[in-house]
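Heads up: the sequence lines are chains A and B, in that order.
Adding 79 to a residue's 1-based position in the first sequence gives its number in this note's numbering.
Adding 79 to a residue's 1-based position in the second sequence gives its number in this note's numbering.
There are 2 protein chains.
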Amino acid sequence: MNKIENILESKNIRVTAMRLLIYKFLAQKEIAVTLSDIENAFEKADRTTLYRTIKTFEENDIVHQIDDGTGITKYALCEKDCNCEIETDLHLHFHCNNCNETVCLTDHKIPQIKVPDGYISENVNLVVKGICDKCSG
Amino acid sequence: MNKIENILESKNIRVTAMRLLIYKFLAQKEIAVTLSDIENAFEKADRTTLYRTIKTFEENDIVHQIDDGTGITKYALCEKDCNCEIETDLHLHFHCNNCNETVCLTDHKIPQIKVPDGYISENVNLVVKGICDKCSG
DNA sequence: GGTAAAATGCACTTCCATTGCAAGGTGTTA
DNA sequence: TAACACCTTGCAATGGAAGTGCATTTTACC
Ligand SMILES: [Mn+2]
Ligand SMILES: [Mn+2]
Ligand SMILES: [Zn+2]
Ligand SMILES: [Zn+2]
């Protein structure tokens, strides 16, 4: 029934009111959010709590961090069964230069990237910048 | 003879002692550098001057900015005849998780990336993280 | 040399990320 | 249920990097 509780419990994270609220907030958003976004959505809560909640989610593969080049870290819920840490599962991110929103393109996996001899690839970050579908219409 | 002077002049940038020094510093480095790196190399100079010098270089396509995901902006000299702004000329960057250094892989161009219908790609940032050749030996 | 424009240096600000510590909750076990 | 350990939350403070305003110095040009 209460899916979110189950998800948290499956990761051995305590279910708290704050965590449920933040999880719901992330789930309803279709774009990556900054800590400030969360802060604005929960003005009663302390910034530190929100920060540490997100960090807890991140450490437990509930959210992944996105560096879209704006200089501000963004976060988005992982897909269910996603394996963020596996290189072949990495999707690309799109940042709109017009509306400034960043989205996960979860079904656009990052192609295999060749690196020179001697280099070992462990992880790839691919961000495309441009105009999103809402803004290009 | 004095190549650097020529480069600066060709971009209509005044030749100053500071700019020559910083250009030389960047040229001798084979890795991308942070503002702090430059700061440490020129302790007599003011941080703001170094900052604005780099910005001037950047605006005139003498250096390009690199966001390798560490959260600290890095800079590297552009290749001669490079067209940083042209999407097809973009090369990938490699960040070593061991020595923390970031390098331009200038002859590894970024492949064409497909984006969903309605999205327009203007720019791509591709950073591979892993172990560099010096560290993997 | 004199002048205007550009570069430099200093002080200050802003913004985001991160930490220490104390207080409040929760769950567990005797 | 009472005590306890452990986790979570809130508040205050810090740190690092980026950026700005303004006065002073330097440069290019006449
Ligand atoms: Mn994503
Ligand atoms: Mn580069
Ligand atoms: Zn948009
Ligand atoms: Zn290395």
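C-beta: ideal position from N, C-alpha, C; glycine also.
The structure presented is a predicted model; accordingly, all values stated were derived computationally and were not measured.
The Cβ atoms of A/C183 and A/H170 sit closer than 8 Å to each other. Counting along the chain, B/T181 sits inside no alpha helix (DSSP H); it lies in the beta strand (DSSP E) bounded by residues T181 to K188.
Inclusion of B/A155 in the 7 Å shell around ligand 2 follows from its C-beta lying nearer than that to a non-hydrogen atom of the ligand. Excluding sequence positions up to five before and after B/L105, its CB lies within less than 6 Å of the CB of L156, all in the same chain and listed in chain order. B/L129 places its beta carbon less than 8 Å from that of B/I117. With contacts defined by Cβ atoms closer than 8 Å, A/P195 and B/D212 form a contacting pair. In its chain, beyond the 5 residues on either side, I151, T152, K153 and Y154 have a beta carbon closer than 8 Å to the beta carbon of B/T113. In this chain, the alpha helix (DSSP H) harbouring A/N85 covers K82 to S89.
For A/I145, the closest of A/T181, A/K134, A/S215 and A/N176 by C-alpha to C-alpha distance is A/T181. Within the stretch 80-106 of chain B, contact with chain A at the beta-carbon level (separation under 9 Å) is assigned to no residue.
The Cβ-Cβ distance between A/N177 and A/I210 falls below 8 Å.
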